[in-house]
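Peer 1: After the structure tokens below, expect a handful of questions from me.
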Amino acid sequence: MVYAALAFDSRGGAMRSAHLGKLLVACLLGMALLAGCAPHRISPGEGFVQVPGGRVWWHIIGHGSRTPLLVLHGGPGASSLYLKPLEALADERPVVFYDQLGGGQSGRPDDNTLWTTERFVAELARVRQALGLTKVHLYGHSWGTIVASEYMLTR
């Protein structure tokens, strides 16, 4: 059907090549934009993301079609383990846990200059980028709320 629209004008005559080329470019651009609007499928699993200062561990539970929930634990220095009850939401959406640098299963560098709010905000941005989380709900508990709030105010 698209090919017919590209090859013929409204009167059934052949389109001039200049118009055909512009129409083809417009159609391809439109398809590319629509492809970018498709929901991003996030697969369950776990791994590490390199962030300023070391590696942070992440774990994704569930694969529902709703907007993913990205969970930020308290601390600093804690792990995301105590937020495990949020896995109950994984029947309708991916739930993404990660242990911030210095806590849980993530790296534990001894460089005191790393412990700034700005670095934790950059860490959150890097985790989102690495996992392809273009649209998320942020859930912060305690210190995680500070990081999420600063992220929303500065990014």
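Under this note's numbering, the first residue of the sequence shown is numbered 202, with each subsequent residue one higher.
Beta carbons: idealized from backbone N, C-alpha and C, even for Gly.
Just mark A279 as buried or exposed, buried being the case when its beta carbon has 16 or more other beta carbons within 10 Å.
Peer 2: buried
Peer 1: Could you give the distance in angstroms between the alpha-carbon of T268 and the alpha-carbon of P295?
Peer 2: 7 Å
Peer 1: Just to confirm my understanding: we take T355, look at its own chain, exclude 5 residues before and 5 after, and list those with CB closer than 7 Å. What are they?
Peer 2: V322.
Peer 1: Using a threshold of 8 Å, state whether the C-beta atoms of G255 and G308 are closer than that.
Peer 2: yes
Peer 1: Cβ atoms of R329 and V337: under 8 Å apart, would you say?
Peer 2: yes
Peer 1: Compute the beta-carbon to beta-carbon distance between A349 and L273, rounded to the nearest angstrom, for a pair I have assumed lies under 8 Å.
Peer 2: 5 Å
Peer 1: For D300, count neighbouring Cβ atoms within 10 angstroms of its own Cβ and tell me buried if that reaches 16, exposed if not.
Peer 2: buried
Peer 1: The alpha helix (DSSP H) with W344 in it runs from where to where?
Peer 2: W344 to T355
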